[in-house]
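Trainee: Please see the structure below; I have some questions.
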Amino acid sequence: MPELPEVETVRRGLEPALVGARFEEVLQRRGDLRFPFPERFAARLRGRTVEALGRRAKYLLADLSDGEVLVMHLGMTGRFTVTPPDAATAGMVGDFHHETGGLAVHDHVVFKLSNGFIVTYNDVRRFGFMTLTSRAALHEHPLFRGMGIEPLGNELDGALLARLFKGKKTPLKAALLDQRLVAGLGNIYVCEALHRARLSPLRLAGTLATPKGRPTKSAGLLADVIRETLEEAVEAGGSTLRDYAHTDGGLGYFQHRFRVYDREGEPCPTPGCDGTVQRVVQSGRSTFYCATCQR
DNA sequence: AGTTGCACCTGGCTGC
DNA sequence: TGCAGCCAGGTGCAAC
732 MPELPEVETV
742 RRGLEPALVG
752 ARFEEVLQRR
762 GDLRFPFPER
772 FAARLRGRTV
782 EALGRRAKYL
792 LADLSDGEVL
802 VMHLGMTGRF
812 TVTPPDAATA
822 GMVGDFHHET
832 GGLAVHDHVV
842 FKLSNGFIVT
852 YNDVRRFGFM
862 TLTSRAALHE
872 HPLFRGMGIE
882 PLGNELDGAL
892 LARLFKGKKT
902 PLKAALLDQR
912 LVAGLGNIYV
922 CEALHRARLS
932 PLRLAGTLAT
942 PKGRPTKSAG
952 LLADVIRETL
962 EEAVEAGGST
972 LRDYAHTDGG
982 LGYFQHRFRV
992 YDREGEPCPT
1002 PGCDGTVQRV
1012 VQSGRSTFYC
1022 ATCQR
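Letter 119 of the first sequence, counting from 1, is numbered 850 in the numbering used here, and no numbers are missing.
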């Protein structure tokens, strides 16, 4: 999926179209994505206003005027397209009176807003989903209860990582992907952060803490580079791979800054390191790293 | 408790 | 040109 930086970029792209706007029409073109849509999904949204658009980890959260929250996850291939009012009037998309009204096969949900914007959700693999829940019960919702810390928040530092990882015999790669510990990192940014910290993805997570649970220097460094990597990616507008596009259809640039991800066989970019980026498989997923400088 | 493997989907790319 | 096989940013569950 879109990992945290991409979701944050989408959030920013959707804000002008959604916040303050009322759902005039909602077109739901199939009964499910990854999960079934809630009962009467489209009908329940209609007439409600979006008061704010937030993000938690890789989830988008639209606060609605009636106290509910529209929760959206992009899965691997979910993307939003924003059509501004002038283009919408020109009938480019969202002609609700025609069967496909300019819609593509994988355009699953279309929001027609009171401000004239049209927001289309497209998801080729349908690993994404949308649901509705009450704002008051949000953090008790199964999706969010037990979710780990927000890596761009203030809590993330070496001491916290050490506490989370203490005694863990799982590899660092897996620990960082575990959304119950730190929420928002995915395969790309875990690889990137570990390379920046010169830490091997194979190393056991528990080695970042002393036996008493105190942070090692590596723990502090890792916390710093996680934040740095994510912030740079957000700043670059999120990265883009094969099937992710910005809300405006443009492409992100952070992909050109990947140091190891998808760079198998290339020289390690660490200054002074003569290693080569290699690909290994950890829990069924590609890990890219340099065995020479990442220890 | 910790893995791993698989499942959910579609499509793009590679190599024969 | 066709086709099989592999790969993909996520997550959850069953099984060892």
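The beta carbon of each residue, even a glycine, is placed where N, CA and C say it ideally should be.
1. Please report how far the alpha carbon of Phe860 lies from the alpha carbon of Lys904, in whole angstroms.
2. Excluding sequence positions up to five away, which residues of its chain have a Cβ less than 6 Å from the Cβ of Val1011?
3. From what residue to what residue does the alpha helix (DSSP H) around Ser845 run?
4. In chain order, which continuous runs of the alpha helix (DSSP H) of length 4 or greater are located wholly inside the segment 772-801?
5. For Asp888, which three-state DSSP category applies?
6. Between which residues of its own chain and Thr740 is the CB-CB distance below 6 Å, once the five residues before and five after are set aside?
7. Straight-line CA distance for Gln910 to Thr938?
8. If you count every other CB in all the chains shown that lies within 10 Å of the CB of Gly809, and 16 or more means buried, which is it?
9. Where does Thr960 fall in DSSP's three states?
10. Verify whether the separation of the beta carbon atoms of Leu935 and Gln1025 is less than 8 Å.
11. How big is the Cα-Cα spacing for Val802 and Thr1023?
12. So, with DSSP's three-state summary, where would you put Gln986?
13. Would you tell me roughly how many angstroms separate the C-alpha atoms of Phe875 and Arg866, rounded to the nearest one?
14. Looking only at its chain, what residues have a beta carbon closer than 7 Å to the beta carbon of Pro738, apart from the 5 residues adjacent to it on each side?
15. So the beta strand (DSSP E) Gly809 belongs to, where does it begin and stop?
16. Can you list, in chain order, the stretches of the beta strand (DSSP E) that have 3 or more residues and sit fully within the segment 849-883?
17. For Pro902 and Gln1013, which I take to be in contact (beta-carbon distance under 8 Å), what is that distance rounded to the nearest angstrom?
18. Would you identify the three-state DSSP class for Val991, choosing helix, strand or coil?
19. Report yes if the C-beta distance between Asp817 and His837 is below 8 Å; otherwise report no.
20. Quick one: grab the DSSP three-state call for Glu734.
21. According to DSSP, is Glu746 part of a helix, a strand, or is it coil?
22. Which same chain residues, not among the five before or five after Leu912, have their C-beta less than 7 Å away from its C-beta?
23. Is there contact between the segment 882-889 and the segment 912-922, where contact requires at least three CB pairs shorter than 8 Å?
24. For His839, does the count of other Cβ atoms within 10 angstroms reach 16, so buried, or fall short, so exposed?
25. Can you give the Cα-Cα distance for Pro946 and Arg743, rounded to whole angstroms?
26. Under 7 Å: does the beta carbon of Val802 sit that close to some heavy atom of the ligand FAD?
27. Considering only C-alpha positions, which residue in the set Ala835, Asp794, Phe858 and Phe772 is nearest to Glu756?
28. Thinking just about the alpha-carbon of each residue, which of Arg760, Val781 and Phe811 is nearest to the one in Asp797?
29. Confirm, please, whether the CB-CB distance from Gly889 to Ala950 is below 8 Å.
30. Comparing C-alpha positions only, which one of Thr851, Leu891, Val813 and Leu749 sits nearest to Thr941?
Mentor: In short, the structure shows the following:
1. 26 Å
2. Thr1018
3. From DSSP, Ser845 is part of no alpha helix (DSSP H); its letter is neither H nor E.
4. 772-776
5. coil
6. Gly968 and Gly969
7. 20 Å
8. buried
9. helix
10. no
11. 42 Å
12. helix
13. 12 Å
14. For the sequence presented, residue 738 should be read as Val rather than Pro. Within the same chain, Val738 has close Cβ partners Arg786, Lys789, Leu791 and Leu805.
15. Gly809 to Thr814
16. 849-854 and 860-865
17. 6 Å
18. coil
19. no
20. coil
21. helix
22. Gly879, Leu895 and Ala906
23. yes
24. buried
25. 35 Å
26. The model on display carries no ligand, and the ligand FAD is accordingly not part of it.
27. Phe772
28. Val781
29. yes
30. Leu891
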